[in-house]
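Read left to right, the sequence shown gives residues 0 to 370 (numbering that gives the first Met the number 0).
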Amino acid sequence: MTKLQTPFRYDFVGSFLRPQALKAAKAEYLAGKISEDAFNKVVEDEITKVVAKQKELGFHVITDGEFRRTFWHLDFMWGLEGVAHENTGGGVDFDGEFALLDDTYLTGKIKAKPHPFVEYYRFLKQFEDENTVAKYTIPAPAQTFQQMIVPANYEATRKFYPTNEELIHDIGIAYQDVIKQFYDAGCRNLQFDDCTWGAIVGDAAKLRYANIGVDLEEIKEQLLAVNNLALENKPEDMVITSHICRGNYHSTFFNSGPYDSVADYVFANEHVDALFLEYDDARSGGFAPLAKVSPDKKVVLGLITTKKPELENKETIIKRIYEAAKYVPLERLYLSPQCGFASCEIGNKLTEDEQWAKLKLVKEIAETVWG
């Protein structure tokens, strides 16, 4: 088993644009024109190709591009007992675009069961070699918690969980079980994707929660509690990182605001090994909150955007890395894009060639800074 651990000086979040062959096969499968086995064969072929591309570019981490998913977060939740979903045309308003999402809600108590993502990981793991390690991405426990307490789900959730504390307990324990499933399958690098912290920063979030009479500080405590409960009993040789952003759907975003108001919680006290942080534009604020990052954590600076195709200026990015180094030592800093290229299967508004050009730039800059 490879001993490589994430993050690497040049890294990435996890998802990639779906190739046309995969999109076409998905459409044919949903239309009943090809079998599930035929569709899965296309999926596995395309995963094999995207892993080869990651290796070709010289990256030491590999993912399956999240090619088996429709949504970066909801698909995982559907693999937990007590969670159901349906497509009713609902979703969430992003900046200038409505994100179509399946309604995902509780039909009973949340418990772990053999999770399909673990089998997906096993397929990816076969491509590891002496230079690369497989990373798998799942939504953070806080993301599952938030999904079940949004206004549309509040009443359904209260049928099974009279209090948030009871919900937090069951989510945390279920995640502990799933983490062990990944570990037993050979996974030593797992990533939580977490938009909850990005959704509660900024003035708009304050107003949103004030209007529904919810104490925002209490919510922050609960997000931290559910994430840390899930991390209890984590194997010593397993790296679990967290990626935080403000939404990424078809090159749009959900929220804006600096990290200042959540730094004392997630930066200082969440028990992950590293933070992948969105920092690709002014919506994320400055680097000063990085001073709150506990000394046991690494920080991956998401300075290259996946939302638009234009390549960043190399010298500008290098300058920003050194600005961040005023708050976190350079040896604990790493570089990546700010998010995935296709958080949902719709993907962001750039081509596959432009996607790979972004990753080449990440590697080039990292090798300039860290050698």
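Note that the Cβ used here is the ideal one computed from N, Cα and C, for glycine as well.
Residue range 163-183 is occupied by the alpha helix (DSSP H) that includes Ile172.
Looking at the DSSP output, Val299 sits in a beta bridge with Phe275, Tyr333. Comparing C-alpha distances from Glu309 to each of Ala281, Cys343, Leu349, Pro288 shows the shortest one belongs to Leu349. Where Val238 is concerned, there is no enclosing alpha helix (DSSP H), although the beta strand (DSSP E) around it starts and stops at 238-243. Phe181 has its alpha-carbon roughly 15 angstroms from the corresponding atom of Gln4. Judged by DSSP in its simplified three-state form, Phe38 adopts helix.
In this structure, Leu56 is the residue among Leu215, Tyr9, Leu56 with its C-alpha nearest to the C-alpha of Trp355.
Taking a contact as a CB-CB distance under 8 angstroms, the pair Phe70 and Ile137 does not count as one, their CB atoms being some 12 angstroms apart.
In this structure, the CA atom of Leu230 is about 25 angstroms from the CA atom of Thr106. In the structure shown, the three-state DSSP call for Glu96 is strand.
With respect to Leu189, Lys134 sits close: the two C-beta atoms are nearer than 9 angstroms. In the structure shown, Ala155 falls within a helical segment according to DSSP collapsed to helix, strand and coil. Taking Gly13 as reference, the option from Ile61, Glu27, Ile33, Lys22 with the minimal CA-CA separation is Ile61. As for any alpha helix (DSSP H) of minimum length 4 sitting wholly inside the segment 63-108, the runs are 73-76, ordered along the chain. Distance from Gly346 to Arg17 at the Cβ level is roughly 6 angstroms; contact confirmed, criterion being Cβ atoms closer than 8 angstroms.
Taking a 10 Å sphere around the C-beta of Gly301, we find 16 or more other C-beta atoms and assign the residue as buried. One alpha carbon belongs to Asp259, the other to Glu118, and they sit about 38 angstroms apart.
Note that the C-beta distance between Asn232 and Val271 is not below 9 angstroms. By the C-beta density criterion, Asn130 is exposed, having fewer than 16 other C-beta atoms within 10 angstroms. Under a 10 Å Cβ-count criterion, Asp63 is classified as buried, with 16 or more other Cβ atoms of the shown protein chains found around its own Cβ. The segment 209-218 makes no contact with the segment 310-329; the number of CB pairs closer than 8 angstroms stays below 3. DSSP lists Ala133 as the bridge partner or partners of Ile61. If the five residues before and after Gly81 are omitted, its C-beta is found closer than 7 angstroms to the C-beta atoms of Leu105, Thr106, Gly107, Lys108, Ile109, Lys110, all from its own chain and listed in chain order. With 16 or more other Cβ atoms inside 10 Å of its own Cβ, Pro288 counts as buried.
For Asn188, the enclosing beta strand (DSSP E) begins and ends at 188-193. Spatial neighbours of Lys362 in its own chain (CB-CB distance under 8 angstroms, excluding positions within 5 residues in sequence) are listed in chain order as Tyr9, Leu56, Gly57, Phe58.
Cβ-Cβ separation between Val292 and Val327: approximately 6 angstroms, consistent with a contact (criterion under 8 angstroms). When beta bridges are read from the DSSP output, Cys338 appears opposite no residue. Judged by pairs of C-beta atoms under 8 angstroms, the segment 90-99 does not touch the segment 45-56, as fewer than three such pairs exist. Distance from the CA atom of Phe191 to the CA atom of Pro161, rounded to whole angstroms, is 27 angstroms. Beyond the five residues adjoining it in sequence on each side, Asp263 comes within less than 7 angstroms, by CB distance, of Lys291 in the same chain, given in chain order. If you draw a straight line from the Cα of Lys296 to the Cα of Ala20, it is about 39 angstroms long. Rounded to whole angstroms, the Cβ separation of Thr305 and Gly339 is 7 angstroms, and the two are in contact under 8 angstroms.
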